[in-house]
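Have a look at the structure below, then the notes.
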Amino acid sequence: MAVIPLGVASILWVAIGYTLSFSGDGSWIGNFGHAFFNGVSMSKNSLHGLEIPDGLFGGFQMMFSIITVALLTGSVVGRMRFTPLVIFMAFWLVLVYYPLAHMVWGGGFLAKIHSIDFAGGNVVHISSGVSALVLAIVLGRRRDYARLEYRPHNIPFVLLGAGLLWFGWFGFNAGSALAANGLAVHALMTTNTAAAAAMLSWLLVEKIMIGKPTVVGASTGMVIGLVAITPGAGFVSLWSSILIGALVSPISYYFISVVKHKFGYDDALDAFGAHGIGGIFGGIMTGLFTMPALALEKGYSGAIYGSAKLLIAQIEAIAFTIVFSAVVTFIIIKVIALFTEIRVSDRAEAVGLDDSEHDETAYPTFMGLDS
Numbered sequence: 000m001a002v003i004p005l006g007v008a009s010i011l012w013v014a015i016g017y018t019l020s021f022s023g024d025g026s027w028i029g030n031f032g033h034a035f036f037n038g039v040s041m042s043k044n045s046l047h048g049l050e051i052p053d054g055l056f057g058g059f060q061m062m063f064s065i066i067t068v069a070l071l072t073g074s075v076v077g078r079m080r081f082t083p084l085v086i087f088m089a090f091w092l093v094l095v096y097y098p099l100a101h102m103v104w105g106g107g108f109l110a111k112i113h114s115i116d117f118a119g120g121n122v123v124h125i126s127s128g129v130s131a132l133v134l135a136i137v138l139g140r141r142r143d144y145a146r147l148e149y150r151p152h153n154i155p156f157v158l159l160g161a162g163l164l165w166f167g168w169f170g171f172n173a174g175s176a177l178a179a180n181g182l183a184v185h186a187l188m189t190t191n192t193a194a195a196a197a198m199l200s201w202l203l204v205e206k207i208m209i210g211k212p213t214v215v216g217a218s219t220g221m222v223i224g225l226v227a228i229t230p231g232a233g234f235v236s237l238w239s240s241i242l243i244g245a246l247v248s249p250i251s252y253y254f255i256s257v258v259k260h261k262f263g264y265d266d267a268l269d270a271f272g273a274h275g276i277g278g279i280f281g282g283i284m285t286g287l288f289t290m291p292a293l294a295l296e297k298g299y300s301g302a303i304y305g306s307a308k309l310l311i312a313q314i315e316a317i318a319f320t321i322v323f324s325a326v327v328t329f330i331i332i333k334v335i336a337l338f339t340e341i342r343v344s345d346r347a348e349a350v351g352l353d354d355s356e357h358d359e360t361a362y363p364t365f366m367g368l369d370s
């Protein structure tokens, strides 16, 4: 589920994703003028007016589409059939991700209402988090949900993954400056600061709520901090990144530990609680704390600097992204369900999808029990 987006999203991006996201001047989606990177220079910057070649920009943006579609699969771990999942990924990229990328970064509708998104609050995190929630609700809960306690099977791997994300996020956020300059340095520093603040904040919440800080909690907090700073990494001040990180953890903790159980939806890896809520919070904070010196348009700085215009635009963009992602995701998965079963059988779920869907096991016993 995490590996297949590398293939699906990469091929789709080269074929139609880049051109639908960054060609033309339409409000909703681009055109096919640069299908298969036609007319995209690998050495010059003729299309986007950047310091880097057009091909490099296209390749960098491809990585965003890969990770976004991978994020949303985490909500349906343990019960969704692999084939319909792959079909869903392809349609979701075409019908949700590429339009949003165009609307936000390609000069479309959300850019025209003056909303801003430095590195993917709307395009990546809110879209994937909300879509993940819809998928989890449509698929239903795992067979043993609320009866068994689900615990991470390998905590060192959780920490390793979180550490790789923290390091990689510098490319994700600082790289969105699209140049090696002061803006990239600023984004790198706000990113690291928010992640650190969110990690400490999450551990404090754990200490208060359960009496013990955990490595899984530290890993969760740092990732949520990275999510929350993403939309404003290149716009907000360094001091406000501390606030953003410190405040997002208790909010996400509440959604993951209270709201999810109250409403009974089974978001297996908390894609909505972490990425959806973190992205929404970060987008609003961007509307509050964007510095006048870093604002994309004069008069559209953070509300604390005297004008609420940017904050209003941010709220409008977030609301649109939530509704758009939810409705289109629901339609895609319901249409797929008309043609094939989207959930594995009860027996297959009991056996485990590694075995039933892929005929593989992570840890063979080497005692003749796996054959």
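In terms of numbering that gives the first Met the number 0, the sequence shown opens at residue 0 and continues consecutively.
For glycine and all other residues, C-beta sits at the position ideal for the given N, C-alpha and C.
Looking at C-alpha atoms only, which residue of the options is the closest neighbour of residue i?
{"i": "Val-7", "options": "Leu-84, Gly-73 and His-47", "result": "Leu-84"}
{"i": "Gly-181", "options": "Ile-10, Pro-363 and Leu-293", "result": "Leu-293"}
{"i": "Tyr-253", "options": "Met-208, Trp-12 and Ala-145", "result": "Met-208"}
{"i": "Gly-58", "options": "Ala-118, Asp-266 and Val-13", "result": "Val-13"}
{"i": "Ala-386", "options": "Phe-234, Val-226 and Asp-265", "result": "The structure shown does not extend to residue 386, since the chain is modelled only from 0 through 370, so no value can be given for it."}
{"i": "Ile-28", "options": "Ala-361, Gly-160, Leu-99 and Ala-347", "result": "Leu-99"}
{"i": "Val-2", "options": "Ala-347, His-113 and Thr-72", "result": "Thr-72"}
{"i": "Leu-172", "options": "Ser-300, Tyr-96 and Ala-186", "result": "Note that residue 172 corresponds to Asn in the displayed sequence, not to Leu. Comparing Cα positions, the closest option is Ala-186."}
{"i": "Arg-141", "options": "Glu-356, Ser-355, Gly-351 and Met-62", "result": "Gly-351"}
{"i": "Ile-51", "options": "Ala-178, Ala-118 and Ala-69", "result": "Ala-178"}
{"i": "Ala-325", "options": "Ala-131, Ser-300, Phe-169 and Phe-166", "result": "Ala-131"}
{"i": "Gly-278", "options": "Asn-121, Val-103, Leu-202 and Glu-148", "result": "Asn-121"}
{"i": "Gln-60", "options": "Ala-89, Val-95, Met-188 and Ser-20", "result": "Ser-20"}
{"i": "Ile-15", "options": "Gly-282, Leu-5, Phe-35 and Pro-4", "result": "Phe-35"}
{"i": "Ile-283", "options": "Val-133, Ala-316, Ala-145 and Gly-25", "result": "Ala-316"}
{"i": "Gly-106", "options": "Ala-318, Ile-311, Ser-26 and Trp-201", "result": "Ser-26"}
{"i": "Met-0", "options": "Ile-255, Val-257 and Leu-268", "result": "Leu-268"}
{"i": "Gly-220", "options": "Trp-104, Val-247 and Val-257", "result": "Val-247"}
{"i": "Ser-236", "options": "Lys-261, Lys-211 and Phe-288", "result": "Phe-288"}
So who's on the other strand from residue i, going by DSSP bridges?
{"i": "Val-2", "result": "In the DSSP output, where bridge partners are listed per residue, Val-2 has none listed."}
{"i": "Thr-289", "result": "Val-235"}
{"i": "Arg-342", "result": "Met-79"}
In three-state terms, what does DSSP make of residue i?
{"i": "Ala-334", "result": "The question names Ala, yet the displayed sequence has Val at residue 334. Three-state result, Val-334: helix."}
{"i": "Val-235", "result": "strand"}
{"i": "Val-7", "result": "helix"}
{"i": "Ser-355", "result": "helix"}
{"i": "Val-13", "result": "helix"}
{"i": "Pro-396", "result": "In the structure as shown, the chain starts at 0 and stops at 370, and residue 396 therefore has no counterpart that could be examined."}
{"i": "Val-39", "result": "coil"}
{"i": "Gly-224", "result": "helix"}
{"i": "Gly-244", "result": "helix"}
{"i": "Gly-32", "result": "coil"}
{"i": "Ser-22", "result": "coil"}
Please classify residue i: is it buried, with 16 or more other beta-carbons within 10 angstroms of its beta-carbon, or exposed?
{"i": "Phe-87", "result": "buried"}
{"i": "Arg-80", "result": "buried"}
{"i": "Trp-238", "result": "exposed"}
{"i": "His-101", "result": "buried"}
{"i": "Arg-78", "result": "buried"}
{"i": "Phe-338", "result": "exposed"}
{"i": "Pro-151", "result": "exposed"}
{"i": "Asp-353", "result": "exposed"}
{"i": "Tyr-17", "result": "buried"}
{"i": "Ser-42", "result": "exposed"}
{"i": "Thr-229", "result": "buried"}
{"i": "Tyr-362", "result": "exposed"}
{"i": "Asn-191", "result": "buried"}
{"i": "Phe-156", "result": "exposed"}
{"i": "Ile-223", "result": "buried"}
{"i": "Pro-291", "result": "exposed"}
{"i": "Tyr-304", "result": "exposed"}
{"i": "Gly-174", "result": "buried"}
{"i": "Phe-262", "result": "exposed"}
**OP:** Write down every uninterrupted run of the alpha helix (DSSP H) in the segment 129-214 whose length is 4 residues or greater and which is fully enclosed by it, in chain order.
**Re:** 154-172 and 181-208
Subject >> Any alpha helix (DSSP H) of 4 or more consecutive residues that is wholly inside the segment 42-128 >> reply: 53-72, 81-91, 97-104 and 108-111
Original post:
What alpha helix (DSSP H) runs, 4 residues minimum, are completely inside the segment 247-312?
Top reply: 259-262 and 276-288
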